[in-house]
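Novice: Per the numbering used here, residue 1260 is the first one in the sequence shown, and the count goes up by one each step. Every residue gets a Cβ at the ideal spot worked out from N, C-alpha and C, and that includes glycine. The structure under discussion is supplied below as structure tokens; questions concerning it will follow.
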Amino acid sequence: TAQDITVLEGLEPVRKRPGMYIGSTGARGLHHLVYEVVDNAVDEALAGHCSEITVTIAPDSSITVVDDGRGIPVEIMDEQGLPAVTVVRTKLHAGGKFGGDGYKVSGGLHGVGVSVVNALSEWLVVEICRDGKRWRQEFERGAPKSELEAVEDSTGPTGTTISFLPDSTVFDELEWSSQTLVQRLRETAFLTQGLRIALADERAGGETHEFCFDDGIRDFVKFINAAKDPVHKHTVYF
Ligand code: 0RA
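Following this line, the structure appears as structure tokens:
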């Protein structure tokens, strides 16, 4: 719940030394932002509440990640007097993975990630469908631009949508490599049996890819052996 999230510090250190948090401000660090947001949705899938994640690259270089999980909690946290989703976006090291056994670690920065993505984005918008409402909050370079607000009633499925535009004053360039993202998202899908992950590249000439592996790691072994003649035709998995 919101009470399980620990707050350590604000986001100024992230903007001061981005490389310390994401490795580099080059192509690797840029793509790391997407992995961070996706990994959070994967955690929701590992917890058994999310079956589909869609990543979209927009022509303006912004990224949108949609999941059909329970939605990031929106209730007010006692200590902060702010909604949990706001704390998770604006304070460093805020996350269920810190100081508790909240949920499994799928990879990445162990919960510091979402606030780091926010700090290093020119803008970030989070939309959550849960508790009968569609909630929305906008940020600019990590700072809330508005309070979390209930935009409308929502009786449909729950889930979280995060859109962000990396800060061009932080990164050397905002050139997304669909090949890099395809490779990573395919591997993520192999590692999370049954989870459907789509990548929609909406830039000129872009393509859509979709990954879902009902046999998980066995499918991965088949994939890497596709053009080979393996000694063992049968994959042994346990
Ligand atoms: C902790 C608790 C609950 C949801 C999540 C985390 C959550 C986080 C993310 C990040 C991206 N997508 C997400 N979806 C869910 C919900 C707890 C509850 O409903 O009882």
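On the CB-based measure, 16 or more other CB atoms within 10 Å of its CB, does Ser1405 come out buried or exposed?
Specialist: Ser1405 is exposed by the Cβ-count criterion.
Novice: In terms of residues, what are the limits of the alpha helix (DSSP H) holding Lys1481?
Specialist: From DSSP, the alpha helix (DSSP H) with Lys1481 extends over 1475–1483.
Novice: How long is the line joining the alpha carbons of Arg1400 and Glu1381, rounded to whole angstroms?
Specialist: One C-alpha to the other measures close to 5 Å.
Novice: Using the rule of at least 16 other Cβ atoms within 10 Å of the residue's Cβ for burial, across every protein chain shown, is Thr1345 buried or exposed?
Specialist: With 16 or more Cβ atoms within 10 Å of its Cβ, Thr1345 is classed as buried.
Novice: Between the Cα of Thr1494 and the Cα atoms of Arg1477, Ala1463, Arg1393, which residue gives the shortest distance?
Specialist: Closest by alpha carbon: Arg1477.
Novice: In this structure, what does DSSP give as the bridge partners for Glu1446?
Specialist: According to DSSP, Glu1446 bridges with nothing at all.
Novice: Run through DSSP, which three-state label would Ala1378 get?
Specialist: DSSP places Ala1378 in helix when its eight states are reduced to three.
Novice: Kindly list the residues whose CB is nearer than 8 Å to the CB of Gly1278, restricted to its own chain and excluding five residues on each side of it in sequence; keep chain order.
Specialist: These residues qualify, in order along the chain: Thr1284, Gly1288.
Novice: Is DSSP giving Gly1366 helix, strand or coil here?
Specialist: Note on Gly1366: pLDDT 42, under 50, position unreliable in the model; the coordinate value appears next. It is coil, neither helix nor strand.
Novice: Do Ile1312 and Asp1302 count as a contact pair if the criterion is CB distance below 8 Å?
Specialist: No, Cβ-Cβ distance for Asp1302 and Ile1312 is not below 8 Å.
Novice: Excluding sequence positions up to five away, which residues of its chain have a Cβ less than 8 Å from the Cβ of Val1296?
Specialist: Ile1322, Val1324, Gly1372, Val1373, Val1376, Ile1421, Phe1423.
Novice: Looking at the secondary structure, which residues open and close the alpha helix (DSSP H) in which Leu1292 lies?
Specialist: From DSSP, the alpha helix (DSSP H) with Leu1292 extends over 1286–1305.
Novice: Is the CB-CB distance between Cys1471 and Arg1455 below 8 Å?
Specialist: Yes, the pair counts as a contact, with Cβ atoms nearer than the cut-off.
Novice: With distances taken from CA atoms, which of Glu1469, Pro1332, Ala1457, Ala1378 is nearest Phe1398?
Specialist: The shortest Cα separation from Phe1398 among Glu1469, Pro1332, Ala1457, Ala1378 belongs to Ala1378.
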